[in-house]
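A.B. asks: Position 500 of the sequence shown, counting from 1, maps to 500 under the numbering used here, and the rest follow consecutively.
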Amino acid sequence: MDLALAPETLARWQFGITTVYHFLFVPLTISLAALVAGLQTAWVRTGKDKYLRATKFWGKLFLINIAMGVVTGILQEFQFGMNWSDYSRFVGDVFGAPLAFEALIAFFFESTFIGLWIFGWDKLPKKIHLATIWMVAVGTVLSAYFILAANSWMQHPVGYRINEESGRAELTDFLLVLTQNTAVAQFFHTIFAAFLTGGAFMVGIAAYHLIRRQHIPVMRTSLRLGLITMVVAGLLTAVSGDRLGKIMYEQQPMKMAAAEALWDTEGPAPFSLFAYGDVDAGHNKVAIEIPGLLSFLAHDDFSSEVPGINDTNEALQEQFGPGDYRPNIPVTYWSFRWMIGFGMASLAIGAAGLWLTRRRLWIDERLRTGEEQVPRLALTRARELGPGLTRWYWKGALLTMGFPLIANSWGWIFTEMGRQPWVVYGLLPTSAGVSPGVSQGEVITSMTIFTLLYALLAVIEVKLLVTYVKAGPPELTDADRNPPTRIGGHDKDPDRPMAFSY
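#1: If you draw a straight line from the C-alpha of T179 to the C-alpha of P474, how long is it?
#2: Can you list, in chain order, the residues of its chain with a C-beta nearer than 8 Å to that of L24? Leave out the 5 residues immediately preceding and following it.
#3: Give me, in chain order, the residues of the same chain whose beta-carbon lies closer than 7 Å to that of K126; leave out the 5 immediate sequence neighbours on both sides.
#4: Here's the rule: buried if 16 or more other CB atoms are within 10 angstroms of the residue's CB, otherwise exposed. What is G198?
#5: Is there contact between the stretch 213 to 230 and the stretch 166 to 179, where contact requires at least three CB pairs shorter than 8 Å?
#6: Just the Cα atoms here: how many angstroms apart are M344 and F195?
#7: Checking contacts by CB at 8 Å: is V434 closer than that to chain B?
#8: What residue does the beta strand (DSSP E) around K285 start on, and which one ends it?
#9: Can Y87 and G433 be called in contact, C-beta distance under 8 Å?
#10: Please report the residue range of the alpha helix (DSSP H) in which V434 lies.
#11: Can you give me the start and stop residues for the alpha helix (DSSP H) that N163 sits inside?
#12: Can you look up V279 in the DSSP assignment and give me helix, strand or coil?
#13: Measuring CA to CA, which of S152, N284 and G308 is closest to L294?
#14: Can you tell me whether DSSP reads F271 as helix, strand or coil?
#15: Hey, could you find the ends of the alpha helix (DSSP H) R243 is sitting in?
#16: How long is the line joining the alpha carbons of T511 and T237, rounded to whole angstroms?
#17: Within its chain, find whatever has a CB closer than 8 Å to the CB of V232; leave out the 5 residues flanking it on each side and keep chain order.
#18: First and last residue of the alpha helix (DSSP H) that includes W134?
#19: Find out if the Cβ-Cβ distance for the pair L347, Y393 is shorter than 8 Å.
#20: Measuring straight from C-alpha to C-alpha, what distance separates I66 and I30?
#21: Quick one: grab the DSSP three-state call for A261.
#22: Looking at C-alpha atoms only, which residue of G241, I444, V136 and N313 is the closest neighbour of F336?
#23: Please report the distance separating the alpha-carbon of W338 from that of G115.
#24: Looking at the unbroken alpha helix (DSSP H) that takes in L171, where does it start and where does it end?
#25: Would the stretch 66 to 80 count as touching the stretch 465 to 474 if we require 3 or more Cβ pairs under 8 Å?
#26: Whether or not the stretch 96 to 104 and the stretch 440 to 459 are in contact is what I'm after, with contact meaning three or more pairs of Cβ atoms, one per stretch, closer than 8 Å; do they touch?
#27: Quick one, are the C-beta atoms of K255 and G16 less than 8 Å apart?
#28: What's the C-alpha gap between L316 and A131?
#29: On the DSSP letters alone, give me the boundaries of the beta strand (DSSP E) that W422 sits inside.
#30: Run the CB neighbour count on F108, radius 10 Å, all protein chains shown included, and call it buried at 16 or more, exposed below.
#31: Do three or more CB pairs link the stretch 323 to 331 to the stretch 412 to 432 at distances below 8 Å?
#32: Taking 8 Å as the cut-off, decide whether the C-beta atoms of I105 and L148 are in contact.
#33: Is it buried or exposed, R481, if we count other Cβ atoms within 10 angstroms and call 16 or more buried?
#34: Can you tell me which residues form a DSSP beta bridge with V306?
#35: Spatial neighbours of L399 within its chain, please: C-beta separation below 7 Å, excluding the five flanking residues on both sides.
#36: Rank K285, L427 and M401 by C-alpha distance to the C-alpha of Q319 and give the top, closest one.
Here it is in structure tokens:
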């Protein structure tokens with residue numbers, strides 16, 4: 001390792017570790033908030049116990065997840081001042097605006113309504129209490145939008161001017177920063193991927209209980225909701241990803257070329273299924289490709305020309321001066337494939353599960369309950385298929401709950417690594433954003449502490465989730481089924497402190 005680059009390299013490693021770890025919680029927070037709100041809405045409309053039990057079960061897992069997300073998110077903020085002070089100094093006037101809005105929403109709007117939802121079960125009427133969780137769901141989406149708008153500005157800076165005297169970027173059009181096509185496309189792609197993650201999480205846990213024949217009415221409902229969410233969100237993730245790819249080609253042609261290991265300009269350009277090459281020589285030694293598909297992904301035209309890595313690097317050298325403007329090609333290439341591969345595998349497994357449940361092929365006689373008799377035709381189909389195959393599928397579904405998390409992580413690695421060597425594309429090289437006074441030893445120390453802390457938090461998170469997942473949905477009381485009809489509750493002492501619902 002070049003010692004002159006050691007602080008920069010270590011700072012990037014630290015930011016990558018903490019960001020990827022934090023983003024494990026973000027998609028689940030976004031999706032579970034909305035899914036829990038949907039289940040509670042179903043209870044308010046129908047009054048069925050299974051929806052209320054599902055609301056309390058998934059709501060508990062949602063609260064564990066959001067608590068961990070808040071803790072890990074706070075640590076993210078420290079790094080801008082610790083290891084990236086020159087970056088913060090350069091873009092603070094622009095980057096700080098959407099971050100300020102996100103902080104206001106997360107720490108005031110969301111936290112207020114989360115508190116009302118947690119403590120308001122026995123104090124708020126049904127519909128008002130339901131509105132609080134919907135406000136939480138709206139808040140998580142708004143928080144995501146402002147964060148993604150800030151990141152999109154790093155990918156495609158707009159609505160700013162450079163103050164020549166201070167050498168800083170200054171915000172001139174906040175609305176443009178929020179509404180540029182990069183921000184909108186990245187938002188939809190991320191949100192749909194978040195719901196794919198939440199759907200897979202719900203399917204995996206429901207499958208865990210169903211193969212053990214536990215809590216069947218609640219888990220069958222959760223299973224169907226999770227599968228529908230997976231399929232719809234998976235399709236929308238693919239469509240929004242296609243749109244984001246076209247924008248990426250227009251704004252960062254090097255990232256598109258690196259994602260496909262396309263060294264030389266070609267028209268029509270092939271989509272690479274597998275490639276192995278020599279980065280120093282600038283060519284592939286082995287390539288398995290689909291002719292013309294990359295041209296279609298970039299232009300909706302199977303014969304159009306797509307610039308390669310070598311030509312794009314030369315063009316960037318002419319524009320920005322001497323240097324190597326190529327990202328880490330192997331990481332960019334393979335992270336793009338892992339993102340797509342795990343995401344589409346989740347969609348396929350969700351579609352297969354939805355087909356099984358629609359055909360009732362997942363049912364066998366052991367899943368009969370006192371509340372609902374399984375139709376004879378469904379039992380016949382289950383016997384024909386065989387219990388072994390269906391149990392194999394649901395065990396696979398349990399493992400699949402991690403696939404979208406893997407896809408999300410590789411997606412962010414691709415997004416950030418593919419932009420290199422820029423921290424703000426075309427404006428600020430990554431090497432110029434590092435804190436000038438931070439030594440190699442200081443970065444190693446902070447990275448070690450953060451990594452160990454995150455490892456401890458991971459143990460706590462997994463322990464809590466496993467404990468409450470195994471416990472299953474709670475049993476209901478008369479108070480649960482009959483919430484108050486007025487604000488303040490229906491007990492004799494209206495000043496009694498709110499009871500924590502969990």
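Cβ coordinates follow ideal geometry from the N, Cα and C atoms, glycine included.
C.D. replies: Considering the structure as presented:
#1: Counting from 1 along the sequence shown, the entry for residue 179 is found at position 179. Counting from 1 along the sequence shown, the entry for residue 474 is found at position 474. Across the structure, T179 and P474 are spaced so that their CA atoms are roughly 43 Å apart.
#2: Here the question's residue 24 lines up with position 24 in the sequence shown. Excluding positions up to five away in sequence, the list reads L405, N408 and S409.
#3: Taking the sequence shown and counting its residues from 1, the one referred to as residue 126 is at position 126. Cβ within range, chain order: V44 and P483.
#4: In the sequence shown, counting from the first residue as 1, residue 198 sits at position 198. Buried, by the Cβ-count rule.
#5: No, the stretch 213 to 230 does not touch the stretch 166 to 179.
#6: Working through the sequence shown from its first residue, we reach residue 344 at position 344. Working through the sequence shown from its first residue, we reach residue 195 at position 195. Taking the straight line joining both Cα atoms gives about 14 Å.
#7: In the structure shown, chain B cannot be found, because there is only a single protein chain.
#8: Against the sequence shown, residue 285 aligns to sequence position 285. Here the beta strand (DSSP E) through K285 covers H283 to I290.
#9: Position 87 of the sequence shown, counted from the start, is the residue given in the question as residue 87. Position 433 of the sequence shown, counted from the start, is the residue given in the question as residue 433. Against a cut-off of 8 Å, the Cβ pair of G433 and Y87 comes out as a contact.
#10: Position 434 of the sequence shown, counted from the start, is the residue given in the question as residue 434. Per DSSP, V434 belongs to no alpha helix (DSSP H) and is neither H nor E.
#11: By 1-based counting over the sequence shown, the position of residue 163 is 163. Unbroken run through N163 is the beta strand (DSSP E), Y160 to N163; no alpha helix (DSSP H).
#12: Counted from its first residue, the sequence shown places residue 279 at position 279. V279 falls in the coil class under three-state DSSP.
#13: The count along the sequence shown starts at 1 and reaches residue 294 at position 294. Checking every option, the nearest Cα to that of L294 belongs to G308.
#14: The residue you call residue 271 lines up with position 271 of the sequence shown. Note: F271 maps to strand in three-state DSSP.
#15: Here residue 243 refers to the residue found at position 243 when the sequence shown is read from its first residue. Start and end: I216 to Q251.
#16: Coverage of the chain is limited to positions 1 through 502, which leaves residue 511 absent and any answer about it impossible.
#17: As a first step, residue 232 is located in the sequence shown; it is residue number 232 there, counting from the start. So the list reads F195, once near-sequence residues are dropped.
#18: Mapped onto the sequence shown, residue 134 falls at position 134. Segment K126 to Q155, the alpha helix (DSSP H) holding W134.
#19: Position 347 of the sequence shown holds residue 347. Position 393 of the sequence shown holds residue 393. Using a Cβ distance threshold of 8 Å, L347 and Y393 do not count as a contacting pair.
#20: Here residue 66 refers to the residue found at position 66 of the sequence shown. Here residue 30 refers to the residue found at position 30 of the sequence shown. For I66 and I30, the distance between alpha carbons rounds to 9 Å.
#21: As a first step, residue 261 must be located in the sequence shown, where it is residue number 261. Annotated three-state conformation of A261 is coil, per DSSP.
#22: For the purposes of this step, residue 336 is identified with residue 336 of the sequence shown, where counting begins at 1. Taking only the C-alpha atoms, the option nearest F336 is G241.
#23: Looking up residue 338 in the sequence shown gives position 338. Looking up residue 115 in the sequence shown gives position 115. In a straight line, the C-alpha of W338 is about 38 Å away from that of G115.
#24: Indexing the sequence shown from 1 puts residue 171 at position 171. Premise fails: L171 lies in the beta strand (DSSP E), R168 to L171, not in any alpha helix (DSSP H).
#25: Flag = no, the stretch 66 to 80 and the stretch 465 to 474 do not touch.
#26: In short, these stretches do not touch, since the Cβ pair count stays below three.
#27: Position 255 of the sequence shown, counted from the first residue, corresponds to residue 255. Position 16 of the sequence shown, counted from the first residue, corresponds to residue 16. No, the pair does not count as a contact, with Cβ atoms beyond the cut-off.
#28: Taking the sequence shown and counting its residues from 1, one reaches residue 316 at position 316. Taking the sequence shown and counting its residues from 1, one reaches residue 131 at position 131. The straight-line gap from Cα to Cα measures roughly 51 Å.
#29: Translated into positions along the sequence shown, residue 422 becomes position 422. DSSP places W422 in the uninterrupted beta strand (DSSP E) bounded by W422 to V424.
#30: Residue mapping note: residue 108 aligns to position 108 of the sequence shown, counting from 1. Exposed, because fewer than 16 other Cβ atoms sit within 10 Å of the Cβ of F108.
#31: Enough Cβ pairs lie closer than 8 Å, so yes.
#32: Counting from 1 along the sequence shown, the entry for residue 105 is found at position 105. Counting from 1 along the sequence shown, the entry for residue 148 is found at position 148. Cβ atoms of I105 and L148: not closer than 8 Å.
#33: As a position in the sequence shown, residue 481 is number 481, starting the count at 1. With fewer than 16 other Cβ atoms within 10 Å, it is exposed.
#34: Here residue 306 refers to the residue found at position 306 of the sequence shown. Answer by DSSP bridge pairing, in chain order: E266.
#35: For the purposes of this step, residue 399 is identified with residue 399 of the sequence shown, where counting begins at 1. Result list for L399: empty, nothing under 7 Å.
#36: Here residue 319 corresponds to residue number 319 of the sequence shown, with the count starting at 1. Comparing Cα-Cα distances from Q319 to each of K285, L427 and M401, the minimum goes to L427.
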